[in-house]
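Asks:
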Amino acid sequence: MWWKGNVVIELKSAEEIGRMAVAGQFVGELLAELRGVAAVGVNLMDIERHARGRIKERGAESCYWDYAPSFGRGPFRNVLCLSVNDAVLHGLPTDYVLRDGDLVSIDMALGIGGWVADSALSFVVGTPDPADLKLIECTEVALEAGIAAAQPGGRLGDVSAAIGAVAHEYGYGVNGEFGGHGIGRTMHESPHVGNSGRAGRGMKLDPGLTIAIEPWFCRSTDKIKFDPDGWTIRSADGSRTAHSEHTIAITESGPQVLTRRPAAGPAAGPAAGSGLRADAVEQ
């Protein structure tokens, strides 16, 4: 255990991290599968229903179903966050049919055997706008940078600073209201993992710490607004958005990604033809 004030942060054993990895593997596999389901002409609710069926088959539990934080109107009654175009976080699956060029973000958190993993990815269906691919690439490169900075003995600010530096290199602003988080027995635990910060600051990254790192950016603003549903978060100016996330564990030998997805085929993934590095596409 690690204490900061009245906040208790649980450090996981190697065995417990292994159990989280079981959930993480399924999350990664299912996200890759859902990426293949999403296409022009597909209804968002069909993607949601597909996920529900697969989760039930696996005997997993959605961390989203009945989730009721301080924001939002009533409990969340879906297993996916499906955010399209200017929506970036907590998008409610709706009766919307995907159109050519839509930018889609899928976020999912599941529990298996009492241990949780959380991950997200963004991609374009149909004909991509190069500006959208650049935005998606930024979130993926920022995620890689944040993971690489999550070294044992380092500081949480190292992770946040690495993410923010990539965003600024690409020319995007960073919103500080929502970011990554601790994770383990439940979906949202301490600490908060900001998408910008100062290297060398914050809590020490001790082996056993498990966190979800999730860079998300809007193309031309760092401001957000909520839909009337109280859940869906959009860019304040209506510009496109993207979101990438992995659950990782800090180990003695470095960061371990628990939600890595299977390698994409040559025509799959958000970056087909975009020039993204293969390791970024395959996460």
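Residue 31 is where the sequence shown starts when you use this note's numbering, and the numbers rise one by one after that. Even glycine gets a Cβ: it sits at the ideal position worked out from N, Cα and C.
Among Leu151, Gly131 and Trp145, which has the Cα closest to the Cα of Glu322?
Replies: Absent from the model: residue 322. The displayed extent of the chain is 31 to 313, so no value can be given.
Asks: Quick test of the definition: if touching needs 3 or more C-beta pairs under 8 Å, does the stretch 131 to 145 touch the stretch 50 to 68?
Replies: A contact exists between the stretch 131 to 145 and the stretch 50 to 68.
Asks: List in chain order: all unbroken alpha helix (DSSP H) runs of 4+ residues lying wholly within the stretch 161 to 211.
Replies: Those alpha helix (DSSP H) runs which fall completely within the stretch 161 to 211 and span 4+ residues are 186 to 200.
Asks: With Phe247 and Thr271 assumed to form a contact (beta carbons below 8 Å), what rounded beta-carbon distance in angstroms separates them?
Replies: Within the sequence shown, numbered from 1, the residue matching residue 247 stands at position 217. Within the sequence shown, numbered from 1, the residue matching residue 271 stands at position 241. Right, their Cβ atoms sit about 7 Å apart.
Asks: Quick check on DSSP: helix, strand or coil for Val57?
Replies: Position 27 of the sequence shown, counted from the first residue, corresponds to residue 57. Correct three-state label for Val57: helix.
Asks: Which same chain residues end up closer than 8 Å to Arg107 when comparing Cβ atoms and leaving out the 5 residues on each side of it in sequence?
Replies: Within the sequence shown, numbered from 1, the residue matching residue 107 stands at position 77. Closer than 8 Å at Cβ, skipping near neighbours: Trp95 and Asp96.
Asks: For the alpha helix (DSSP H) that Met75 lies in, which residues bound it at each end?
Replies: Along the sequence shown, one-based indexing puts residue 75 at 45. Leu74 to Arg88 is the span of the alpha helix (DSSP H), which, as asked, contains Met75.
Asks: Tell me the DSSP secondary structure of Ala44 in three-state form.
Replies: Here residue 44 refers to the residue found at position 14 of the sequence shown. Helix at Ala44.
Asks: Would you kindly work out how many angstroms separate the C-alpha atoms of Thr277 and Arg79, rounded to a whole number?
Replies: Within the sequence shown, the letter at position 247 stands for residue 277. Within the sequence shown, the letter at position 49 stands for residue 79. Taking the straight line from one Cα to the other gives about 24 Å.
Asks: By a C-beta neighbour count over all protein chains shown, 10 Å radius and 16 as the cutoff for buried, is Val171 buried or exposed?
Replies: One-based indexing of the sequence shown puts residue 171 at position 141. Looking at its Cβ environment, which holds 16 or more other Cβ atoms inside 10 Å, Val171 is buried.
Asks: Classify Lys234 as buried or exposed, calling it buried when 16 or more other Cβ atoms lie within 10 Å of its own Cβ.
Replies: Taking the sequence shown and counting its residues from 1, one reaches residue 234 at position 204. Classification for Lys234: exposed.
Asks: Please work out which residues of its chain come closer than 6 Å, Cβ to Cβ, to Asp162, disregarding the five sequence neighbours upstream and downstream, and give them in chain order.
Replies: On the sequence shown, residue 162 is found 132 positions in, with the first residue counted as 1. If we look at Asp162 and ignore the five residues flanking it on each side, its Cβ neighbours are Leu133, Val154 and Arg270.
Asks: Going straight from the alpha carbon of Ile85 to that of Ala242, what length do you get?
Replies: Stepping through the sequence shown from its first residue, residue 85 is reached at position 55. Stepping through the sequence shown from its first residue, residue 242 is reached at position 212. Roughly 20 Å between the two C-alpha positions.
Asks: Tell me, please, which residues DSSP counts as bridged to Val114.
Replies: The residue you call residue 114 lines up with position 84 of the sequence shown. The partner list for Val114 (beta bridge, DSSP) reads Val134.
Asks: From what residue to what residue does the beta strand (DSSP E) around His273 run?
Replies: As a working mapping, residue 273 is identified with position 243 in the sequence shown. His273 -> beta strand (DSSP E) spans Thr271 to His273.
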